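Step one of this worksheet: look at the structure below.
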Ligand code: CO
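In structure tokens, the structure reads:
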């Protein structure tokens with residue numbers, strides 16, 4: 050279990066460094082979390098939300114799943130959105146996809162009759178809605194376009210959820226954004242599909 054010991058050693062060193070930099074850091078976090086952002090991203094280990102936008106613990110509320118999908122019957126994701134919007138009062142919900150997403154790639158291929166196919170079905174639906182544009186492209190471009198289209202669809206899905214509709218109905222300030230991350234250069238790009246209630 051040497052490889053796990055390394056994680057505990059890392060943790061100890063990290064906690065010490067944080068305290069040296071800011072002695073009140075942890076005691077402040079204990080009081081409450083007040084993040085301004087909810088991040089809905091892919092579980093991919095190469096797209097760690099806090100690190101790529103350089104935010105500290107306490108600054109971003111996070112939900113990640115395979116291919117950053119927001120499904121209206123997924124009580125896990127809906128509960129996260131509700132808590133973030135209703136209780137934490139985040140100002141921004143960011144749906145962040147990434148190019149080369151393995152989940153999106155799998156949704157373009159044949160079904161393998163695994164449990165995951167049912168999850169990827171949501172992305173196949175997105176692909177079917179845009180089949181004309183996608184069919185004109187080859188492998189990598191096709192996958193990258195579907196990564197973008199998937200983010201745009203998930204932004205729409207977030208907007209239609211009951212917590213977001215309720216927030217907008219009561220005049221709460223809340224924006225929903227669609228971003229995409231490129232693993233090649235580590236950079237984020239805004240897909241300019243931001244939504245608010247007006
Ligand atoms: Co992915």
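Numbering (this note's numbering), first residue to last: 50 to 247. Backbone N, C-alpha and C define an ideal beta-carbon position, used for all residues, glycine too. For clarity, every value in this text was computed on a predicted model and none was experimentally measured.
How many angstroms separate the CA atom of residue i from the CA atom of residue j?
i, j, result
"residue 166", "residue 65", "43 Å"
"residue 176", "residue 135", "32 Å"
"residue 206", "residue 237", "21 Å"
"residue 221", "residue 130", "14 Å"
"residue 27", "residue 219", "Limits of the chain in this structure are 50 at one end and 247 at the other, which puts residue 27 out of reach."
"residue 231", "residue 239", "11 Å"
"residue 133", "residue 53", "32 Å"
"residue 44", "residue 55", "No information on residue 44 is available, as it lies outside the stretch 50 to 247 that the chain covers here."
"residue 161", "residue 138", "41 Å"
"residue 169", "residue 184", "19 Å"
"residue 67", "residue 50", "26 Å"
"residue 149", "residue 180", "18 Å"
"residue 72", "residue 104", "18 Å"
Look at residue i and residue j and say whether their C-beta atoms are less than 8 Å apart.
i, j, result
"residue 151", "residue 173", "no"
"residue 229", "residue 141", "no"
"residue 125", "residue 203", "no"
"residue 144", "residue 200", "yes"
"residue 92", "residue 115", "yes"
"residue 225", "residue 211", "no"
"residue 223", "residue 213", "yes"
"residue 101", "residue 227", "no"
"residue 196", "residue 153", "yes"
"residue 76", "residue 88", "no"
Distance cutoff 8 Å, beta carbons only. Does residue i sit that close to anything in chain C?
i, result
"residue 123", "The chain labelled as chain C is not found in the depicted structure, where only one protein chain is given."
For the alpha helix (DSSP H) containing residue i, name the first residue and the last one.
i, result
"residue 171", "164–178"
"residue 218", "211–218"
Would you mind reading off the limits of the beta strand (DSSP E) that contains residue i?
i, result
"residue 89", "86–91"
"residue 238", "236–239"
- Kindly confirm or deny that the segment 77–92 and the segment 56–65 touch, where touching means at least three C-beta pairs closer than 8 Å. no
- Query: Below 8 Å, can you find three or more Cβ-Cβ pairs linking the segment 107–117 to the segment 180–194?
  - Reply: no
- Completely contained alpha helix (DSSP H) runs for the segment 114–154, where each covers 4 or more residues: 124–131
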